[in-house]
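Chains as they are written, first to last, in our numbering: chain A, 95 to 212; chain B, 3 to 114.
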């Protein structure tokens, strides 16, 4: 149980294009999902908290107009990197919190998406 | 901003017990302590979670002293496949209930 998937697992795009990454909770409902970014040999950095049916909460320094987050259902959140540039190349990881276990501070992580911007 | 502190790296050998300690001086009363394992190019994987004293599951034990300002992850009889980065997490005081911050993690290398 508690499986989170991400699609795509890898994406290569040209500078200036937009890329959408999907995060799905496969066997549970998630009112809260999180998006992280991880550069090589570094820790995960929280980018934003995605709440179903409402606007995402972005961490300081993360541009909300560049990283568009949509949490339209209890099982799907999407992150769109708009006008991507080489410095946006990173490993993007999502996580989800089980709606039924909100009080346990558990997060179930997806396998990550490797974005390379040429 | 409070954060967790862990050793940057540790080395050990197959079959040994490995203990990784994390400091979290500003832990809040209702916070839980959670440890994750991450392999390269994969998302973190839950290992264990605890609130106080000792918690044990099939892969690890977690020791938390009474003041809860630190915790120790214990991996019994490690193997080569335990080579990974280990993260200690607590919910930071003053943040929203749902937000957690990853520290730098401990890069554990197991040798034959």
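All C-beta atoms in this analysis are idealised placements derived from N, C-alpha and C, irrespective of residue type, glycine included.
Counting only Cβ pairs nearer than 8 angstroms, list the residues of chain A close to residue i.
| i | result |
| --- | --- |
| residue 39 of chain B | Here the premise fails: no neighbours, minimum Cβ distance about 11 angstroms. |
What does residue i touch in chain B if you count any residue whose Cβ is under 8 angstroms from its own?
| i | result |
| --- | --- |
| residue 204 of chain A | 45 |
| residue 140 of chain A | 101, 102, 103 and 104 |
If the cut is a Cβ gap below 7 angstroms, which residues of chain A does residue i touch?
| i | result |
| --- | --- |
| residue 29 of chain B | Here the premise fails: no neighbours, minimum Cβ distance about 12 angstroms. |
CB-CB under 7 angstroms to residue i, same chain, minus the five flanking residues each way: which ones, in chain order?
| i | result |
| --- | --- |
| residue 140 of chain A | 128, 130 and 153 |
| residue 96 of chain B | For residue 96 of chain B, the pLDDT reaches just 46, beneath the cut-off of 50, and the residue's location in the model is therefore unreliable, although a value from the coordinates is still provided. Answer for residue 96 of chain B: no residue qualifies. |
| residue 116 of chain A | 100, 101, 170 and 172 |
Should residue i go down as buried or exposed, given a rule of 16 or more other Cβ atoms within 10 Å for buried?
| i | result |
| --- | --- |
| residue 179 of chain A | exposed |
| residue 109 of chain A | exposed |
| residue 120 of chain A | exposed |
| residue 18 of chain B | exposed |
| residue 232 of chain A | Residue numbering for chain A in the displayed model covers 95 to 212; residue 232 of chain A lies beyond these limits and cannot be assessed. |
Give me the chain B residues within the contact set of residue i, using Cβ-Cβ distance strictly less than 7 angstroms, ordered along the chain.
| i | result |
| --- | --- |
| residue 224 of chain A | Examination of residue 224 of chain A is not possible in this model, given that chain A is present from 95 through 212 alone. |
| residue 208 of chain A | 43 |
Which residues in the same chain have their Cβ closer than 6 angstroms to the Cβ of residue i, if we skip the five residues on either side of it in sequence?
| i | result |
| --- | --- |
| residue 208 of chain A | 104 and 185 |
| residue 41 of chain B | 86 |
| residue 206 of chain A | 185 and 187 |
| residue 118 of chain A | 99, 169 and 170 |
Name the chain B residues whose beta carbon is nearer than 9 angstroms to that of residue i?
| i | result |
| --- | --- |
| residue 200 of chain A | 34, 36, 48 and 51 |
| residue 195 of chain A | Here the premise fails: no neighbours, minimum Cβ distance about 11 angstroms. |
When you compare each of the options to residue i by their alpha carbons, which one comes out closest?
| i | options | result |
| --- | --- | --- |
| residue 110 of chain B | B/5, B/15 and B/7 | B/15 |
| residue 47 of chain B | A/161, A/189, A/132 and A/183 | A/189 |
| residue 115 of chain B | B/84, B/73, B/62 and B/39 | Outside the displayed range of chain B (3 to 114) lies residue 115 of chain B, so it cannot be described from this structure. |
| residue 111 of chain A | A/158, A/99, A/174 and A/149 | A/174 |
| residue 34 of chain B | B/27, B/23, B/92 and B/81 | B/92 |
| residue 59 of chain B | B/37, B/43, B/45 and B/44 | B/37 |
| residue 79 of chain B | B/89, B/90, B/88 and B/62 | B/62 |
| residue 133 of chain A | A/123, A/181, A/126 and A/145 | A/181 |
| residue 114 of chain A | A/160, A/195 and A/124 | A/160 |
| residue 183 of chain A | A/96, A/100, A/107 and A/99 | A/107 |
| residue 51 of chain B | A/136, A/151, A/210 and A/201 | A/201 |
| residue 84 of chain B | B/28, B/49 and B/31 | B/49 |
| residue 77 of chain B | B/20, B/6 and B/108 | B/20 |
Name the chain A residues that come within less than 9 angstroms of residue i, Cβ to Cβ?
| i | result |
| --- | --- |
| residue 106 of chain B | 136 and 137 |
Once the 5 residues before and after residue i are set aside, which same chain residues still bring their CB inside 8 angstroms of it?
| i | result |
| --- | --- |
| residue 114 of chain B | 15, 16 and 82 |
Touch check for the region 62 to 78 of chain B and the region 165 to 182 of chain A: three-plus C-beta pairs under 8 angstroms? no
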